[in-house]
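The structure appears below as structure tokens.
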Amino acid sequence: MIFVKEFFKNTKQIGSIIPSSSFLSKAIVSKINYKTANVIVELGAGTGVFTKMLVNNLNLNTKLFVFEINPLLYKVLHNKFSHLENVYIINTSAENLTNILSLYGVNKVDYILSGLPFLNFSTSLKNCIFTNIYSSLKLSGELILFQYTRFLEKDFLDFFVINDIEKVYLNFPPANIYTLVKKIK
Ligand SMILES: C[S@@+](CC[C@H](N)C(=O)[O-])C[C@H]1O[C@@H](n2cnc3c(N)ncnc32)[C@H](O)[C@@H]1O
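Under my numbering, the first residue of the sequence shown is numbered 27, with each subsequent residue one higher.
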């Protein structure tokens, strides 16, 4: 209910009237190799539908950083997950990704999962977040994001190359999951 309420208060920033389905969440978190990942980042976690599945799979020596800009949704995430030693819930914008990671002594990460409603963002905000993601990801790292349309491709193709697109129909609305790797610049 809190998600729906926050949607009506700040439609553009929340971006979806209901959280992602369990089908979409499962498909997203299954892209990760939990055996090899040292650091995973989730951007725009909402009520934590992906986070819950991530923590169920996480090794104790893998760090998970969860970014959520909305203060009420941050509180929900904090109550659910902050007792976990290797999980860090951060109440700030994804624009601050590299700065926050460096505060925790982290330089590069293996996976970045995004639930961000990029198409509602200004060009400068999109570019700032993609620049942060690009500099935080390892060369072999992957950005996994979902979108309801293919319009965002023109924005991220300056930074990333598409490795895979998976369509998930059992979500409202149906979504494409992109697995992206860094473009060599
Ligand atoms: C479409 S919801 C996705 C929530 C959840 N991942 C899911 O799939 O149900 C987008 C979330 O991104 C958050 N968000 C929007 N802009 C953000 C930003 N600049 N930095 C961090 N989080 C942001 C919103 O508050 C919202 O919780």
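For every residue, glycine included, the Cβ atom is placed at its ideal position computed from N, Cα and C.
Run the CB neighbour count on D136, radius 10 Å, all protein chains shown included, and call it buried at 16 or more, exposed below.
Counting Cβ neighbours within 10 Å, D136 comes out buried, since at least 16 surround it.
Can you tell me which residues form a DSSP beta bridge with L171?
According to DSSP, which records beta bridges pairwise, L171 is partnered with S140, Y204.
Under 7 Å from any heavy atom of ligand 1, does the C-beta of G167 make it?
Result no, Cβ not under 7 Å from ligand 1.
Drop a sphere of 10 angstroms on the beta-carbon of S128, count the other beta-carbons inside from all chains shown, and report buried for 16 or more, exposed for fewer.
By the 10 Å Cβ count, S128 comes out exposed.
Check whether the stretch 111 to 131 touches the stretch 84 to 91, counting contact only when three or more Cβ pairs, one atom from each stretch, lie closer than 8 Å.
These segments touch.
K152 and F144: beta carbons closer than 8 Å?
In contact: K152 and F144 (Cβ atoms closer than 8 Å).
Can you check which of these residues, L165, K209, Y174, is closest to D184 by C-alpha distance?
Looking only at L165, K209, Y174, the smallest Cα-Cα distance to D184 is reached by K209.
Residues bridged to K193 (per DSSP)
In the DSSP assignment, K193 forms a beta bridge with N202.
Is Q39 near ligand 1 - that is, is its Cβ less than 7 Å away from at least one heavy atom of it?
Because some heavy atom of ligand 1 lies under 7 Å away, the Cβ of Q39 counts as near it: yes.
Could you name the residues of the same chain whose beta carbon sits closer than 7 Å to that of N197, not counting the 5 residues immediately before and after it, in chain order?
Cβ contact annotation for N197 (same chain, cutoff 7 Å, sequence separation greater than five): S46, S47, F49, L50, in chain order.
Assign G131 to one of two classes, buried (16 or more other C-beta atoms within 10 Å of its C-beta) or exposed (fewer than that).
With fewer than 16 other Cβ atoms within 10 Å, it is exposed.
Where does F34 land, buried or exposed, given buried means 16+ other C-beta within 10 angstroms?
Exposed, because fewer than 16 other Cβ atoms sit within 10 Å of the Cβ of F34.
What residue does the beta strand (DSSP E) around I116 start on, and which one ends it?
Judged by DSSP secondary structure, I116 falls within the beta strand (DSSP E) whose first and last residues are 113 to 116.
Neighbourhood of I66 by C-beta, 6 Å cutoff - its chain only, sequence neighbours within 5 removed
Taken in chain order, the residues that qualify are L90, Y137.
Please determine whether the Cβ atom of P45 lies at a distance below 7 Å from any heavy atom of ligand 1.
Yes; taking the cut-off as 7 Å, the Cβ of P45 has a heavy atom of ligand 1 nearer than that.
Paired residues, beta bridge with I66 - DSSP:
I66 is bridged to L90, Y137.
Pick helix, strand or coil for K78, following the three-state DSSP scheme.
Note: K78 maps to helix in three-state DSSP.
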